[in-house]
Structures are given as C-alpha cells and as structure tokens.
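Have a look at the structure below before the remarks.
Numbering (our numbering), first residue to last: 5 to 270.
In structure tokens, the structure reads:
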C-alpha cells in the first residue's frame, strides 16, 4: 500500500520520501552541503527504493534536491577524514554505487528535477534518471579530473552511453561546465524550464504520466533500456513477447476504451 505525505529517512533525515497520487518523491536533503552524499544519505536512498520498487500504485518517481542545488557529489569531508583508510573510502563509494544503481533499477520511470548545480556525483545521479528536466540556470559538469579522483558513481560508464564517447571524453577530460541548454543539446537533459517554473513543469509531467497505465509505463521503460544492451533481433522479440503478454492483462484496454469514448463524443 502506498505511503502518503513526506517522511525523513536516514539518521539525520538526509532524504525526504513520500508518495502523492501515484507519484513517488525522493528529495536529497542536505541543503547546507549542496546535497553531497554521505553514508546515511545513500542508505536512505536504498531504503526508499525498496519501498517503491514493488508498489504497484506508484506510477513514477521524481528525484530532486533541497535548497540551492540538485547534488554536488560525495562529501569531501568524509573523503578527507578517511584519507589514510582507503578501505573506508571504498566502502563509502560502494554505498553511493548501490544507491544510484537502486534508483536506475526502479521499474517505474524516474524524472530528475535538476536545479542549481549538478556536478560530479550529481551528474552521475542525473544519469540514472530516465527523464531529466533542468532549470535554465543549472550548471552541469564532471569535475572528477579537476579534483584528482576518477569516477566512482558510474559516470565513466553511463556518460558515454548517454551522450556518446566523443562528447563524454570532452566533458570529463576538460571538466568544462555546461548550461542547461547546452546539456539539452548533448542529450543529458530532456527539457529546460525557467527557474521559477521548474517544480510546476516537473509536476505537470509527473501528473500527466501518473494518469497512464502503470504496467505500460514500466514495460516501455524496460524495453527501451533493454534496447541499449541487446541486438536488435533480441529486442524485437522481447517487444513482441511483452505486447502479447500485455494484451492478456485485465487493464490492457483502459487506454483504448478512453480513446474510443472520446472519439464517440466528437
């Protein structure tokens, strides 16, 4: 059964979690630190995704950040405190990977609502979202080389898959920053909204999607992601199998019935 309202998760409430009319909401909640990752935050994300994953009433999920930024990656204070304990740094990074992988693995579509800065691990968090909507003033970048640390949250693997190898190399090796509009041109961002309208824009998209058949949303997401991992012939067979299976669902014709009813009224 879906949860209502918003609740803090993690030892210090590092993530806000709730479900509203079929929309799951995850908000990174360390605004004073520009939503940098901590162990508490990563495990809170994992807890939230476990609650969302098998909830058939949740049609989609919105991932956002509280305060002035979406996310700016790992908390450097944690890295600094463990500079002589590389095993602790590896454990911390593993938690970030688990959290981002858990978001990406959600069967529901995930909308990233991005504002302020999305840097380093923040960019990596963007890359696990299915649709990214960014405020116009957002600055997006990959400063791993700049801070002398390689990627740790999947960026080296997801970035070239999203925007192509040449653009990924340019972004990662030069550490240049992109505006939201430039990021949309590369394919990192799907839509750009005026700063003051970001929340309303994302909410409109989410509520329109929440009116759709949840099983169809999940299946289309699964098939589109599958297309990036298998040969065309395998993907086409998977699509045919999914179509046939869906036709046997009791709610399969809800959308078609609504369309025919609208046409009959004209």
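We treat Cβ as the ideally placed atom computed from N, Cα and C, and that holds for glycine.
Predicted model only: the values in this text are computed from it and were never measured.
Cutoff 7 Å; reference residue i; Cβ partners in own chain excluding five residues on either side
i           : result
residue 47  : 14 and 99
residue 157 : 100, 101, 104, 125 and 128
residue 206 : 66, 115, 117 and 137
residue 18  : 33, 34, 42, 44, 45 and 48
residue 16  : 44
residue 50  : 102, 103 and 106
residue 6   : Residue confidence is low: residue 6 scores 40 on pLDDT, short of 50, so the model does not pin down where it sits. No coordinate-derived value is stated.
residue 258 : 217
Range of the contiguous beta strand (DSSP E) that encloses residue i
i           : result
residue 29  : 27 to 32
residue 57  : Looking at the DSSP string, residue 57 is not in any beta strand (DSSP E); the run it does join, the alpha helix (DSSP H), is 43 to 57.
residue 126 : Per DSSP, residue 126 belongs to no beta strand (DSSP E); it is in the alpha helix (DSSP H), 125 to 130.
residue 152 : Segment: none, residue 152 is in no beta strand (DSSP E) and carries neither H nor E.
residue 116 : 114 to 118
residue 68  : 64 to 69
Sub-8 Å separation of residue i and residue j beta-carbons
i           : j           : result
residue 64  : residue 256 : no
residue 227 : residue 251 : no
residue 73  : residue 33  : no
residue 147 : residue 123 : yes
residue 248 : residue 223 : no
residue 4   : residue 78  : Outside the shown range of the chain, which is 5 to 270, sits residue 4, and nothing can be said about it.
residue 113 : residue 134 : yes
residue 271 : residue 190 : For the chain, the structure presents residues 5 to 270; residue 271 sits outside this window and is missing.
residue 25  : residue 268 : no
Own chain, CB closer than 6 Å to residue i, minus 5 neighbours either side, in chain order
i           : result
residue 142 : 118, 119 and 184
residue 155 : 148
Where the alpha helix (DSSP H) containing residue i begins and where it ends
i           : result
residue 183 : Note, residue 183: premise wrong, no alpha helix (DSSP H); beta strand (DSSP E) at 181 to 183.
residue 266 : 258 to 269
residue 96  : 90 to 108
residue 145 : Careful: residue 145 lies outside any alpha helix (DSSP H), inside the beta strand (DSSP E) at 143 to 145.
residue 84  : 80 to 85
When the options are compared against residue i, the one with the closest alpha-carbon
i           : options             : result
residue 176 : 235, 144 and 90     : 144
residue 230 : 187, 199 and 111    : 111
residue 75  : 131, 93, 21 and 173 : 131
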